[in-house]
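According to the UniProt record's numbering, the sequence shown is numbered sequentially starting from 1.
Even for Gly, the Cβ is constructed at its ideal location relative to N, Cα and C.
Step one of this worksheet: look at the structure below.
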Amino acid sequence: MNESKVQKRDIKSSASENRRLSQEVSDLRAKCLQLERRNNELTKHTAVVATEIARLREDNEFLAGVNAEFSSENDDLKEEVNELKTKLEQYQIRSSSESLDVIDVPEERLAKRFKSDGSKKVKKMVHYAENQPKEEQEEQHEKEARIEMKMIFKTIKPNDNLDDNETFNSTKNVEIRSRLIPELQRAMFPNYKPSVAQLTNWLSILHKSRRSQTQLKKSGKSDENSRRVHNNSRVQNKKLRRIKAAKDLYRKSDERIIGYEKRQLLKMLANRSYHSPEISESDEENPDKTIVCVYDYSWRSQEYDDEVQHFDRMHPEDAPQWSYVDRSGFEEDEDYGEETEEVLIDSQKSAAGDDLAE
């Protein structure tokens, strides 16, 4: 009897333990399922974050390129400002006397002029921030020295100047340089003290640009080259202005632009193929003057007139559909040839060469 009671009690105890263990297993399974779901969510979230990081990295690289263009433009503007400041200083220094002739002016006269007038202007001509890095100060000083050299170089008589018909290292130009460089150093002292190597390099760049212009004039292509360079410059400036405006509008969440995907639009604006060419042409009423004509391509305007424009081209292959006008039966102009392409080609002169040639 007692044994039977003990067995029943053991059975009840075992059943209770089994129920407890079963419940514990169920709870653990539920927790496992919950952890699996959480893990899947984290995996998906990680993938999304990784995609977003990749997109942001790509955007950052693109915007870095845009900022590089702004930096280049800023450098040009800074140099232009410095050149204007230097011109003003030179005008103030030399307004009471005749133009400087580097070759013919005696050394005593040069020394007297720069001692009496130039020394008083030195502190006003060069201004550096106290916290500006030394390398930037040296670079700025070199730019100012180059501008000074260019201004003095323009006052030299043709007979004493480098011969554009000869190479830079020709016997004739080497002899001219042997006289010209010391005179330039004396004329620039004490404001600037360029080395012979620096002056030789600057003169080489300047001579290369002038010699190229001379050869273009001889071949009858000077006007065409000038049109090409000026067109590129105008389109480049227009491109940068539009990028600046777009970035500012996005920053202000302007309703006129927020409907467009930012990266796509900025990438389009950075591509010169999306900007209308600006061609210099003779004024019909005054043939001695030129006017700038802005031509929209047919895919840019419903009012495109082939009789007026005489040339056209297709829109970029990757252009989004909203960015162009779909014109059925489009055919590229037969008049659009190599000469027009040369005017519109995306090529730039050497920055240093253009700077010294101005």
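Considering just the uninterrupted stretch of the alpha helix (DSSP H) at S209, what are its terminal residues?
Taking the sequence shown and counting its residues from 1, the one referred to as residue 209 is at position 209. Unbroken alpha helix (DSSP H) run through S209: V196 to S219.
Can you list, in chain order, the residues of its chain with a C-beta nearer than 6 Å to that of Q264? Leave out the 5 residues immediately preceding and following it.
On the sequence shown, residue 264 is found 264 positions in, with the first residue counted as 1. Within the same chain, no Cβ atom closer than 6 Å to the Cβ of Q264 is found once the five residues on either side in sequence are excluded.
E164 vs T200 beta-carbon contact at 8 Å:
On the sequence shown, position 164 is the one that residue 164 refers to. On the sequence shown, position 200 is the one that residue 200 refers to. Correcting the residue identity first, residue 164 is Asp in this sequence and not Glu. T200 is positioned such that its CB atom lies no closer than 8 Å to that of D164.
Kindly list the residues whose CB is nearer than 8 Å to the CB of E138, restricted to its own chain and excluding five residues on each side of it in sequence; keep chain order.
As a first step, residue 138 is located in the sequence shown; it is residue number 138 there, counting from the start. Result list for E138: empty, nothing under 8 Å.
Would you mind stating whether Y295 and I279 have Cβ atoms separated by less than 8 Å?
For the purposes of this step, residue 295 is identified with residue 295 of the sequence shown, where counting begins at 1. For the purposes of this step, residue 279 is identified with residue 279 of the sequence shown, where counting begins at 1. Closer than 8 Å, so yes.
Classify residue 380 as helix, strand or coil using the three-state DSSP reduction.
Missing from the structure shown is residue 380; the chain here goes from 1 to 358 and no further.
Identify whether E255 lies in helix, strand or coil by the three-state DSSP scheme.
Position 255 of the sequence shown, counted from the first residue, corresponds to residue 255. The answer is coil: DSSP assigns E255 none of H, G, I, E or B.
Alpha carbon to alpha carbon, how far is M314 from I152? Give it in angstroms, no decimals.
Working through the sequence shown from its first residue, we reach residue 152 at position 152. Working through the sequence shown from its first residue, we reach residue 314 at position 314. Straight-line spacing of the CA atoms in I152 and M314 works out to 48 Å.
Decide if the stretch 255-271 is in contact with the stretch 61-68; the criterion is three or more beta carbon pairs, one per stretch, under 8 Å apart.
yes
Using 10 angstroms around the beta-carbon of P287, count the other beta-carbons present and answer buried if the total reaches 16, otherwise exposed.
Against the sequence shown, residue 287 aligns to sequence position 287. It is exposed - the Cβ of P287 has fewer than 16 other Cβ atoms within 10 Å.
Terminal residues of the alpha helix (DSSP H) in which I279 lies
Residue numbering aside, residue 279 sits at position 279 when the sequence shown is read from its first letter. For I279, no alpha helix (DSSP H) run applies; the uninterrupted beta strand (DSSP E) run containing it begins and ends at E278 to S282, by DSSP.
K31 burial status per 10 Å Cβ neighbour count (16 or more: buried):
Here the question's residue 31 lines up with position 31 in the sequence shown. With fewer than 16 other Cβ atoms inside 10 Å of its own Cβ, K31 counts as exposed.
If you draw a straight line from the C-alpha of Q34 to the C-alpha of S14, how long is it?
In the sequence shown, the residue the question calls residue 34 occupies position 34. In the sequence shown, the residue the question calls residue 14 occupies position 14. Rounded to whole angstroms, Q34 to S14 spans 30 Å at the Cα level.
Under three-state DSSP, which class holds I176?
The residue labelled residue 176 in the question sits at position 176 within the sequence shown. Of the three classes helix, strand and coil, the one that applies to I176 here is helix, per DSSP.
With DSSP collapsed to three states, give me the class of I156.
Position 156 of the sequence shown, counted from the start, is the residue given in the question as residue 156. In this structure, I156 counts as coil in the three-state DSSP scheme.
Just curious, the alpha helix (DSSP H) that M268 is in, first and last residue?
Locating residue 268 in the sequence shown gives position 268, where the first residue counts as 1. Element bounds for M268: K262 to L269.
Going straight from the alpha carbon of K134 to that of H45, what length do you get?
For the purposes of this step, residue 134 is taken as the residue at position 134 of the sequence shown. For the purposes of this step, residue 45 is taken as the residue at position 45 of the sequence shown. One C-alpha to the other measures close to 48 Å.
Please classify R313: does DSSP put it in a helix, a strand, or coil?
Position 313 of the sequence shown, counted from the start, is the residue given in the question as residue 313. The answer is coil: DSSP assigns R313 none of H, G, I, E or B.
Does DSSP classify T290 as helix, strand or coil?
Taking the first residue of the sequence shown as position 1, residue 290 is located at position 290. Strand at T290.
Run the proximity test for S209: is its beta-carbon closer than 7 Å to any non-hydrogen atom belonging to the ligand ADP?
You won't find the ligand ADP in this model; it holds no ligand whatsoever.
Note down, in chain order, each residue of its chain lying with its Cβ closer than 8 Å to the Cβ of T290, except the 5 sequence neighbours on either side.
If you number the sequence shown from 1, residue 290 lands on position 290. If we look at T290 and ignore the five residues flanking it on each side, its Cβ neighbours are S280, E281, S282 and D283.
Is it buried or exposed, R20, if we count other Cβ atoms within 10 angstroms and call 16 or more buried?
Along the sequence shown, read from residue 1 onward, the residue named residue 20 stands at position 20. It is exposed - the Cβ of R20 has fewer than 16 other Cβ atoms within 10 Å.
In three-state DSSP terms, what is Y297?
Locating residue 297 in the sequence shown gives position 297, where the first residue counts as 1. Correct three-state label for Y297: coil.
Could you tell me the distance, in whole angstroms, from the CA atom of D104 to the CA atom of N231?
If you number the sequence shown from 1, residue 104 lands on position 104. If you number the sequence shown from 1, residue 231 lands on position 231. For D104, the predicted model reports a pLDDT of 44, less than 50, meaning its position is unreliable and no value from the coordinates is stated.
Just confirm the distance between the C-beta atoms of E166 and K157, as a whole number of angstroms; I'd bet it's less than 8 Å.
Counting from 1 along the sequence shown, the entry for residue 166 is found at position 166. Counting from 1 along the sequence shown, the entry for residue 157 is found at position 157. That pair is no contact at about 17 Å.
Report buried or exposed for N191, applying the criterion of at least 16 other Cβ atoms within 10 angstroms of its Cβ.
Here the question's residue 191 lines up with position 191 in the sequence shown. By the 16-neighbour rule on beta-carbons within 10 angstroms, N191 is buried.
Using a 10 Å radius around the Cβ and a threshold of 16 neighbouring Cβ atoms, would you call D335 buried or exposed?
For the purposes of this step, residue 335 is taken as the residue at position 335 of the sequence shown. Confidence at D335 is low in this model, with a pLDDT of 44, below 50, so its placement is unreliable and the value that follows should be read with caution. Classification of D335: exposed, given that the 10 Å Cβ count is below 16.
Could you tell me which of N169, R186, F189 and S233 sits nearest to L203, measuring between CA atoms?
As a first step, residue 203 must be located in the sequence shown, where it is residue number 203. Looking at the Cα atoms, N169 is the closest of the given residues.
Residue nearest to K85 in terms of C-alpha spacing, selected from L180, V49, A145 and N40:
Working through the sequence shown from its first residue, we reach residue 85 at position 85. The shortest Cα separation from K85 among L180, V49, A145 and N40 belongs to A145.
Using the Cα positions of K12 and L28, report the straight-line distance between them to the nearest angstrom.
Translated into positions along the sequence shown, residue 12 becomes position 12. Translated into positions along the sequence shown, residue 28 becomes position 28. C-alpha separation (whole angstroms): 24 Å.
Looking only at its chain, what residues have a beta carbon closer than 6 Å to the beta carbon of D59, apart from the 5 residues adjacent to it on each side?
Along the sequence shown, read from residue 1 onward, the residue named residue 59 stands at position 59. Cβ neighbours of D59 beyond the five flanking positions: R263.
Could you give the DSSP three-state label for P106: helix, strand or coil?
Here residue 106 refers to the residue found at position 106 of the sequence shown. For P106, the predicted model reports a pLDDT of 44, less than 50, meaning its position is unreliable; a value from the coordinates is still stated below. DSSP places P106 in coil when its eight states are reduced to three.
Please state the DSSP three-state secondary structure of Y192.
In the sequence shown, residue 192 corresponds to position 192, counting from 1. Residue state, collapsed to three classes: coil.
Less than 8 Å between the CB atoms is what I'm expecting for R256 and S276, so what's the real figure, rounded?
Numbered from 1 along the sequence shown, position 256 holds the residue referred to as residue 256. Numbered from 1 along the sequence shown, position 276 holds the residue referred to as residue 276. In this structure R256 does not touch S276 by the C-beta definition: roughly 20 Å separates them, more than the 8 Å allowed.
Tell whether a beta-carbon distance below 8 Å holds between P194 and M149.
By 1-based counting over the sequence shown, the position of residue 194 is 194. By 1-based counting over the sequence shown, the position of residue 149 is 149. Using a Cβ distance threshold of 8 Å, P194 and M149 count as a contacting pair.
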